[in-house]
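In my numbering, the protein residues as written are 7 to 508.
These notes concern the structure reproduced below.
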């Protein structure tokens, strides 16, 4: 059956827009839940007010973010039935299993413990209440794993067989789907990038308040934790990215060749720094390269052979039949570089901040007021950093909030567009996966409606975040510090209705 090209293109645009938008919230949900849990753990262990204030402050931002993530995530699953019914029919036996687990965890496991955490501040013992937020964090990680396992199957289908009678892919080994090397490598990379995202988010907000000399004790503690997380998560992101890249060189050589604009395969393949190519002629007109480095990144051998776009395209034509198996080369090439570039900048800002704060915040005598200190950073021997340098660091740190979000978005764009023309690599082409009975006009209408709705949600999200970020950590009362020693507390406390802490 011939599908109108317009319907296919518009359906892809719609899925791309909604997916990238939804993925802005996922990394923050994963990382903020864990970092909020860490701050609450510090409060339970030390009893210090600054950790309780930090927990309530970052917890509020986490709740705003997860609510928006749930709302935008529901749209993703509707699209499988509306715009991609042929795909759903073909892979439903396989794709449905991890999605079912993800739904159970996200909508039952996470929501249950989120509810207990929100309403249980004055009802649950401290350690049980703390356990609730840790369970929420665990739920976000498990939820992400099942989604990534499903996506990894699209990148590298395993544990199935094709049934010619039903013309469907049918599941043979669910464990193979969950534990294949593609899923493990992608999960490792996505999780480390998520924590880099949350750390940059926290660094930016801390910088906003510290530059104004407000909420010093809370923001200083949060900043130090975020800087450590940024550096560690950044290092893990680089390591996991290298691991995932090696997996992709074996499983999807076309994607990685496109990422490097390597047109012709060669031994000792160079790593591209900058290139301007002619897609029609199949070569680069301008190329700035590091000799042999790509071969090493692909196989740990500087002299190994790496296939090029032209070679891999011919090989896939022989394997799968006539056609053009090249993805959009400029999108793959530059998407790969924007992903790395914005990620490296974020790591650099975290490392610089960690170095600058490696001693303790400088205290001017006139500002020594206990924990509420003025944040002048120190050099190694106790000399103050120039005020201008401090201001510049706060400004750069504030901008860093958006860099990992851009890196994540470009990473997903590269991952999904680099697989084209396949929706399931080597098994089902994208043009054969779109719904046959949906017109271009219908899909265009839904794109406009969803885009407008998401624009409204974006305004709401930003305004809520800005409002509560500017307000800063809440002032504590005796009720905030009190936690019953047993579930239900005393009779007077037990008779009080459960209260929404925020």
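Just so it is clear, CB atoms sit at the ideal spot from N, CA and C, and this is done for glycine as well.
No experiment lies behind these values; they were computed from the predicted model shown.
Nonlocal neighbours in the same chain, by C-beta distance under 6 Å from residue i, ignoring five residues either side
i	result
residue 434	96
residue 224	56, 59, 60 and 479
residue 63	479
residue 191	249, 250 and 253
residue 86	94
Span of the alpha helix (DSSP H), counted from its first residue to its last, around residue i
i	result
residue 126	Segment: none, residue 126 is in no alpha helix (DSSP H) and carries neither H nor E.
residue 416	409–423
residue 234	222–257
residue 318	315–326
residue 33	32–52
residue 95	91–110
residue 207	187–217
residue 71	55–88
residue 266	No alpha helix (DSSP H) holds residue 266; DSSP gives it neither H nor E.
residue 475	446–477
Residue i to residue j span [Cα, whole Å]
i	j	result
residue 425	residue 129	51 Å
residue 90	residue 468	31 Å
residue 17	residue 230	44 Å
residue 253	residue 79	28 Å
residue 286	residue 330	12 Å
residue 404	residue 209	7 Å
residue 347	residue 248	15 Å
residue 378	residue 232	A caution first: residue 378 carries a pLDDT of 42, below 50, which makes its placement in the model unreliable, though a value can still be read off. About 19 Å.
residue 429	residue 466	33 Å
residue 154	residue 66	27 Å
residue 243	residue 199	6 Å
residue 13	residue 272	39 Å
residue 574	residue 126	With the chain covering 7 to 508 only, the question about residue 574 has no answer from this structure.
residue 408	residue 436	31 Å
residue 459	residue 446	20 Å
residue 173	residue 422	24 Å
residue 236	residue 84	35 Å
residue 186	residue 280	34 Å
residue 109	residue 219	43 Å
residue 431	residue 158	10 Å
residue 512	residue 439	Past the edges of the chain, shown from 7 to 508, lies residue 512, and the structure says nothing about it.
residue 115	residue 74	18 Å
residue 401	residue 448	45 Å
residue 26	residue 345	13 Å
residue 332	residue 323	11 Å
residue 474	residue 132	25 Å
residue 361	residue 195	25 Å
residue 351	residue 444	43 Å
residue 256	residue 184	19 Å
residue 43	residue 76	20 Å
residue 325	residue 41	48 Å
residue 107	residue 397	47 Å
residue 419	residue 24	12 Å
residue 340	residue 260	15 Å
residue 391	residue 227	In this prediction, residue 391 has a pLDDT of 41, which is less than 50 and means its spatial position is unreliable; what the coordinates show is noted afterwards. Distance between the alpha carbons of residue 391 and residue 227 is about 20 Å.
residue 353	residue 234	10 Å
residue 461	residue 105	27 Å
residue 22	residue 28	10 Å
Spatial neighbours of residue i in its chain, beta-carbon cut-off 8 Å, leaving aside the 5 residues before and after
i	result
residue 387	Bear in mind that a pLDDT of 36 at residue 387, under 50, signals an unreliable position, so the number given afterwards is only what the model happens to contain. So no residue of the chain qualifies.
residue 30	411, 414 and 415
residue 54	48
residue 470	70
residue 335	264, 267, 283, 285 and 315
residue 39	68, 72, 139, 142, 143 and 146
residue 117	none
residue 19	453
Per DSSP, the bridge partner or partners of residue i
i	result
residue 309	Residue 309 is not bridged to any residue.
residue 356	DSSP output for residue 356 lists no bridge partner at all.
residue 167	176
residue 435	428
residue 272	312
For residue j and residue i, believed in contact at Cβ under 8 Å, the rounded distance
i	j	result
residue 292	residue 277	Not really, about 15 Å apart at Cβ, beyond 8 Å.
residue 150	residue 32	7 Å
residue 88	residue 147	In fact, because the Cβ distance is near 29 Å, the residues do not count as touching under 8 Å.
residue 509	residue 312	The structure shown does not extend to residue 509, since the chain is modelled only from 7 to 508, so the question has no answer here.
Residue i: first and last residue of the uninterrupted beta strand (DSSP E) it sits in
i	result
residue 278	277–284
residue 289	289–296
Minimum Cβ-Cβ distance from residue i to chain B less than 8 Å
i	result
residue 66	This model lacks chain B altogether; it includes just one protein chain.
Sequence-distant residues of the same chain with beta carbon closer than 7 Å to residue i, five excluded per side
i	result
residue 289	269 and 283
residue 167	176 and 178
residue 103	177 and 180
residue 189	154, 155 and 158
residue 299	276 and 277
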